[in-house]
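S.K.: Got a structure for you, questions after.
In our numbering, the protein residues as written are 19 to 110.
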């Protein structure tokens, strides 16, 4: 699993499993599109931005899993998608 320069997407990139996968992919030379719920929340982004290779090979996207257009933006140009995110809705 190493295709230097190939672009892949990780949905749920700020989660526990997603963060480790982003790190592994960056370590193996991939360019990663990682999705988060809120780009302004440092709890979701700071640890990803500090990864080795992130400054040149990581792009973060804020998406809503229930909005097709926001997902398409994140996966555009990707050779593969690791789908780890799940929408969470609360009925009131």
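Idealized CB from N, CA, C, for every residue including glycine.
Rounded to the nearest angstrom, what separates residue 97 and residue 109 at their Cα positions?
M.R.: Residue mapping note: residue 97 aligns to position 79 of the chain shown, counting from 1. Residue mapping note: residue 109 aligns to position 91 of the chain shown, counting from 1. For residue 97 and residue 109, the distance between alpha carbons rounds to 36 Å.
S.K.: Measuring CA to CA, which of 51, 41, 25, 26 is closest to residue 79?
M.R.: Here residue 79 corresponds to residue number 61 of the chain shown, with the count starting at 1. When each option's Cα is compared against that of residue 79, the closest is 51.
S.K.: So, do the stretch 22-31 and the stretch 42-61 have three or more beta carbon pairs nearer to each other than 8 Å?
M.R.: Contact holds: three or more Cβ-Cβ distances are below 8 Å.
S.K.: Can you look up residue 40 in the DSSP assignment and give me helix, strand or coil?
M.R.: The sequence position of residue 40 within the chain shown is 22, counting from 1. Residue state, collapsed to three classes: helix.
S.K.: From what residue to what residue does the beta strand (DSSP E) around residue 78 run?
M.R.: Sequence index remark: in the chain shown, residue 78 carries index 60 (1-based). Residues 76-80.
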